[in-house]
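Each residue of the sequence shown is one higher than the one before, starting from 22 at the first, in our numbering.
In this text, a Cβ means the ideal position worked out from N, Cα and C, and glycines have one as well.
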Amino acid sequence: MKINIEKNLVEFTPENSDETIKLQSLWRMMVDCARFNRKLVPIGEYIPQQSEFARFVIEGEKGGGIDEYPEVFVDEDCQCICYTCNKYVKLAKGGRIPPCCGKLMETMD
């Protein structure tokens, strides 16, 4: 993982597919499109001569879980879109429409 720091901006650049998956997972855990973003807070200490890693805890209000939304299932294979953040997913017949940005995604024709 490449880390670039410019003033108060930090960029993480994955260098392989495993790091890409982990960074995407972290991003989804940290960002709730319409509600609360969480933050990484350092814990302990990082001294390169004494430890191999830096440790952070994720603080902030966790976004709502999928169980807070009504269960709506699709009748046929389709794509769903979130018009707030433009994320889309492909669903198979019988798939549950997922929430995004505080509401259920919408089906596309």
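Residue i versus residue j - alpha carbon distance
{"i": "Gly65", "j": "Arg76", "result": "7 Å"}
{"i": "Lys23", "j": "Met126", "result": "34 Å"}
{"i": "Cys99", "j": "Pro119", "result": "13 Å"}
{"i": "Tyr90", "j": "Leu112", "result": "17 Å"}
{"i": "Leu61", "j": "Lys124", "result": "26 Å"}
{"i": "Val52", "j": "Gln70", "result": "33 Å"}
{"i": "Thr128", "j": "Trp48", "result": "24 Å"}
{"i": "Lys108", "j": "Glu80", "result": "25 Å"}
{"i": "Glu27", "j": "Pro63", "result": "19 Å"}
Neighbourhood of residue i by C-beta, 7 Å cutoff - its chain only, sequence neighbours within 5 removed
{"i": "Gly116", "result": "Phe94 and Val95"}
{"i": "Pro35", "result": "Met22, Thr41 and Leu44"}
{"i": "Glu97", "result": "Lys114"}
{"i": "Phe33", "result": "Met22, Ile24 and Leu44"}
Start and end residues, alpha helix (DSSP H) containing residue i
{"i": "Lys23", "result": "Taken as a continuous stretch (DSSP letters only), Lys23 belongs to no alpha helix (DSSP H), being part of the beta strand (DSSP E) at Lys23 to Glu27."}
{"i": "Glu40", "result": "Ser38 to Met51"}
Limits of the beta strand (DSSP E) - the one that residue i falls within
{"i": "Glu32", "result": "Leu30 to Thr34"}
{"i": "Ile64", "result": "Lys60 to Ile64"}
Residues near residue i in its chain [Cβ-Cβ closer than 8 Å; skip 5 each side]
{"i": "Val31", "result": "Ile24 and Asn25"}
Own chain, CB closer than 6 Å to residue i, minus 5 neighbours either side, in chain order
{"i": "Tyr67", "result": "Ala75"}
{"i": "Arg59", "result": "Met51, Ile79 and Gly81"}
Scan the region 72 to 128 and note each continuous alpha helix (DSSP H) run of 4 residues or more that stays entirely inside, going in chain order.
-> none
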